[in-house]
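Report on one structure; see the data block that follows.
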Amino acid sequence: MKVSSAVIFVVLVFSSSGSLIWGQEIVPPRPPAQLNDLLAEAERNNPQIQAARHEADAFKQVSMQVSTRPDPQFVLQHLSVGSPRPFAGYTNSDFAYIGIGFSQDIPYPGKLHLRGEIAKKDSEGAEQRYESVRRSVLAAVKQSYFQLGYLAQKARLLDADRELLRQVEQSAEARYRSGTVNQQDVLQAQLEQTKLLREITTNQLEKDKVQALIKQLLDRSQSSPDIESAELSETALPYTYEQLFASASAGNPELAELQVHLEKQQLQVDLAKKDFYPDFNLQYMYQRTDPSQFRAYYMLTFSARVPIYRKHRQEPELAQAEADQNRSKSDYEAKSQQLALDLRQQFVSAEKAAELLQIYRQGLIPQARAELQAGMAAYQSTREDFQALLASFLDVLKLDEEYAQTLADHESAIAEMERISGVSLP
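Position one of the sequence shown corresponds to residue 24 (the working numbering), numbered consecutively onward.
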């Protein structure tokens, strides 16, 4: 178990005589959690991943069971003559006997092999379900982590914008005291301060919800310390859509599971055809009467189960298997198309988000901040009204939040493309 350490600072203030006036304990913020560490923790501890892993392990044990011949049956017989008492007539009748034997069911050649191959396909499908669950959980951890990063960045922006709004309010108060504006400007600035407090509270509520979700994904206690995310940065996308789709077609576990299921249904069709042939049974008995008077009996029996009700059993079974095979083909095609759609949507979202981030960084945000600074100076020199200044401030606030949300959306789209394609991006 990793034990983290933290440095606690204690600030003490003394009077000139040396007596303690007050002391305050300052706990520095925890260092941000690294995403790779959280992903490794989720892979170790998440109960959904563990359940899928145990399911896959269980399916591995089925193939040998179903491909093994049925257990033989051992038989002990006793036949008495003239009385239900044991051994009645044993010494004076060649009908009374004690018999020992065994019986063995023998499926038609190839049936057991097919059942074993079908079970192997079930095992392969369980492995793909495990990989699908693993990728889904890790993608959820990434998206929650990016959402935490967005909310933390938004909290910092709100604090900074609150300070800007305080400057606006101070300017309004200064002009109100000088008599150049009425009290409405001051009241409007105070109202915006209250709205900003509401935004800060709502943002903290969203952060608490995401904290609860990521702790659940990591199988941590809900009372455990909150997770601090690192500051978000834009992830480059060095692959084309065609490259990502090729990787998804080759390695997506949901698609691979359907491919395995399609192969399994072909084996089911082959097995249904085998059921048109008989299964067999071999029996051998040794029977013994009074050895002083009668000779022993040896009986070998070979029987076959003949499938004579084909129209009611074997033919419907084959039709069902063929219908399931066709359905599996359609499911595979539908999933392939759905993956292509999902991947395309995420790829376009990431591309457009990257373009928007550049527009925000190089154009909108610097321009809005420059306009706000110019408006602040103009308002202080009584050359601009308060509503224009407030509109400039609200533009800065909105653009800052939109930039943070776009960055989080970009990273979430990257995470979803990683889940679909299996490609890992730094």
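For glycine and all other residues, C-beta sits at the position ideal for the given N, C-alpha and C.
On a predicted model such as this, the values are computed, not experimentally measured, just so you know.
About 14 Å separates the Cβ atoms of isoleucine 141 and lysine 296, ruling out a contact at the 8 Å cut-off.
Annotation for histidine 101: the continuous beta strand (DSSP E) segment containing it runs 96 to 102. As DSSP reads the structure, phenylalanine 125 sits in a beta bridge with Phe97, Tyr307.
When only Cα atoms are considered, glutamine 310 and aspartate 298 end up about 35 Å apart. Between lysine 358 and glutamate 439, the CB-CB gap reaches or exceeds 8 Å. Beta-bridge analysis with DSSP links threonine 263 to no other residue. Along the segment 339 to 364, the alpha helix (DSSP H) does not occur as any fully enclosed run of 4 or more residues.
With contact defined as three or more Cβ pairs closer than 8 Å, the segment 265 to 285 and the segment 356 to 374 are in contact. Phenylalanine 82 sits buried, since 16 or more C-beta atoms from the chains shown fall within 10 Å of its C-beta.
Here valine 446 has Tyr262, Leu267, Ser270 as same chain residues with Cβ atoms under 7 Å from its own Cβ, once five neighbours each way along the sequence are excluded. If you draw a straight line from the Cα of leucine 380 to the Cα of leucine 430, it comes to about 7 Å. Counting C-beta pairs closer than 8 Å gives fewer than three between the segment 225 to 242 and the segment 342 to 350, which falls short of the contact rule. Judged by their CB atoms, leucine 240 and isoleucine 129 are not nearer to each other than the 8 Å cut-off. Under the Cβ criterion (8 Å, minimum of three pairs), the segment 381 to 392 does not count as touching the segment 178 to 185. Excluding sequence positions up to five before and after lysine 177, its CB lies within less than 7 Å of the CB of Asn226, Glu424, Ala427, all in the same chain and listed in chain order. Taking the C-beta atoms as reference points, aspartate 145 is found nearer than 8 Å to valine 85. By the criterion of a C-beta distance shorter than 7 Å, glutamine 245 is surrounded in its chain by Ala235, Lys238, once the five residues flanking it on both sides are discounted. Bounds of the beta strand (DSSP E) holding alanine 327 are 320 to 328. Look at aspartate 302 here: in three-state DSSP terms it is strand. Using a Cβ-Cβ distance cut-off of 8 Å, the segment 313 to 329 and the segment 246 to 257 are not in contact, since fewer than three pairs of beta carbons, one from each stretch, lie closer than that value. Asparagine 275 and aspartate 365 have their alpha carbons spaced roughly 12 Å apart. Bounds of any alpha helix (DSSP H) do not take in glutamate 254, whose DSSP letter is neither H nor E. With 16 or more other Cβ atoms inside 10 Å of its own Cβ, leucine 285 counts as buried.
Taking 4 residues as the minimum length, the segment 117 to 174 contains no alpha helix (DSSP H) run wholly inside it. Taking a 10 Å sphere around the C-beta of glutamate 265, we find fewer than 16 other C-beta atoms and assign the residue as exposed.
In this model, proline 95 and serine 126 are separated by some 6 Å (Cα to Cα).
Taking all protein chains in view, the Cβ of valine 160 is crowded by 16 or more other Cβ atoms within 10 Å, so the residue is classified as buried. DSSP places histidine 335 in no alpha helix (DSSP H); its state is neither H nor E. Residues of the same chain with a CB within less than 8 Å of the CB of leucine 413, apart from the 5 flanking positions on each side, are Val191, Gln211, Ala212, Glu215 in chain order. With contacts defined as CB atoms closer than 8 Å, alanine 79 and alanine 149 qualify as a contacting pair. Using a Cβ distance threshold of 8 Å, leucine 294 and lysine 134 count as a contacting pair. Exclusion of the five residues before and after arginine 76 leaves Tyr153 as the residues of its chain whose Cβ lies within less than 7 Å of its Cβ. If you draw a straight line from the Cα of tyrosine 120 to the Cα of tyrosine 332, it is about 38 Å long. Non-local beta-carbon contacts of glutamine 337 in its own chain, meaning distances under 6 Å to residues more than five positions away in sequence, involve Asp298, Phe299, Pro330 in chain order. Within a 10 Å sphere around the beta-carbon of alanine 376 sit 16 or more other beta-carbons, which makes this residue buried. Beta-bridge partners of alanine 56 (DSSP): Ser252.
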